[in-house]
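Each remark here refers to the structure printed beneath this line.
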Amino acid sequence: MPRAGLDPAAVTAAAAALTDEIGFDRLSMGLIAERLGVKTPSLYKHVDGLADLSHRIAVLAMDEFADTLRDAIQGLAGGDALAAAAQAIRGFVLEHPGRYAAANLAQRSGDDDPLVPASGRVLASLAAVLNGYHLEPGQQIHAMRMLRSVLHGFATLEAGGGFQIDADVEVSFRWMIDFVDRGLRAIAAEKG
Numbered sequence: 001m002p003r004a005g006l007d008p009a010a011v012t013a014a015a016a017a018l019t020d021e022i023g024f025d026r027l028s029m030g031l032i033a034e035r036l037g038v039k040t041p042s043l044y045k046h047v048d049g050l051a052d053l054s055h056r057i058a059v060l061a062m063d064e065f066a067d068t069l070r071d072a073i074q075g076l077a078g079g080d081a082l083a084a085a086a087q088a089i090r091g092f093v094l095e096h097p098g099r100y101a102a103a104n105l106a107q108r109s110g111d112d113d114p115l116v117p118a119s120g121r122v123l124a125s126l127a128a129v130l131n132g133y134h135l136e137p138g139q140q141i142h143a144m145r146m147l148r149s150v151l152h153g154f155a156t157l158e159a160g161g162g163f164q165i166d167a168d169v170e171v172s173f174r175w176m177i178d179f180v181d182r183g184l185r186a187i188a189a190e191k192g
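Taking UniProt numbering, the leading residue of the sequence shown gets 1, the next gets one more, and so forth.
Here it is as structure tokens:
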């Protein structure tokens, strides 16, 4: 009989919290069972194993990420939306490094995978940010990939302690966002 109060959502939430603490690459069913105070085999009553649980963490993370990003850019446009989105992404990665890693490594299992709409919501928010720059439709996907790469790179380097030079990381982050903003405005101006 499953432990009272334990269900797939509770197991996923506990595993997501644990992965933020120890790192996604160190997650195991044994550690999750220990965290929940149950024996490892009892977890299989709620999830189909570590791969299934990792995917559930990715879906949870992508949903949380989508909500965070949507809320951050609400009512903003152009450089203000870009700065808010960038801070939201950076904050999410720093606060939830394990979940973020799970979301980045997840592969969708089909069109009915809940990861698909969650990822779509993230992309919709990024597209809304870029809409403020009035880019040509063909340029938006390239701008989105650039924006994701720049923000992912900065945030994951920061989360991993990758900035060792004695300079204010916050100043570097603002400088980067200003640089991206100017670049996007310059590309939009070229079409005019």
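Using N, Cα and C, we set each Cβ at its ideal position, and we do this for glycine too. Nothing here was measured: the structure is a model prediction, and the numbers come from that model.
Worksheet item: For G98, does the count of other Cβ atoms within 10 angstroms reach 16, so buried, or fall short, so exposed?
Response: buried
Discussion item. Between A167, I187, V11 and G153, which has its C-alpha nearest A101's C-alpha?
Written reply: Ranked by how close their Cα comes to the Cα of A101, the residues A167, I187, V11 and G153 have G153 in first place.
Worksheet item: Does the Cβ-Cβ distance between V143 and L135 come in under 8 Å?
Response: Correcting the residue type first, residue 143 is Ala in the shown sequence and not Val. Against a cut-off of 8 Å, the Cβ pair of L135 and A143 comes out as a contact.
Discussion item. Measuring only the C-alpha atoms, how far is H46 from L6?
Written reply: 8 Å
Worksheet item: Nearest to A127 by alpha carbon, out of F173, I165 and R70?
Response: For A127, the nearest C-alpha among the options comes from R70.
Discussion item. A159 and A106 - do their beta-carbons sit closer together than 8 Å?
Written reply: Contact flag unset, no.
Item to complete: Verify whether the separation of the beta carbon atoms of I89 and V129 is less than 8 Å.
Response: no
Worksheet item: Excluding the five sequence neighbours on either side, which residues of its own chain have a C-beta within less than 6 Å of the C-beta of Y92, listed in chain order?
Response: First, the amino acid is wrong: residue 92 is Phe here, not Tyr. A distance below 6 Å between beta-carbons, with the five flanking residues on each side excluded, links F92 to the following residues of its chain, in chain order: F65 and T68.
Worksheet item: Can you tell which of P41, A86 and L36 has its C-alpha closest to the C-alpha of W175?
Response: A86
Worksheet item: Under the rule that 16 or more other beta-carbon atoms within 10 Å means buried, what is V122, buried or exposed?
Response: Per the 10 Å Cβ criterion, buried.
Worksheet item: Which two residues bound the contiguous alpha helix (DSSP H) that contains A128?
Response: L115 to N131
Item to complete: Assign A118 to one of two classes, buried (16 or more other C-beta atoms within 10 Å of its C-beta) or exposed (fewer than that).
Response: buried
Worksheet item: Between L43 and V11, what straight-line distance do the alpha-carbon atoms span, to the nearest angstrom?
Response: Looking at the two C-alpha atoms, the distance is approximately 8 Å.
Discussion item. Assuming contact is defined by CB atoms lying nearer than 8 Å, are I32 and A16 in contact in what I supplied?
Written reply: No, the Cβ-Cβ distance between I32 and A16 is not below 8 Å.
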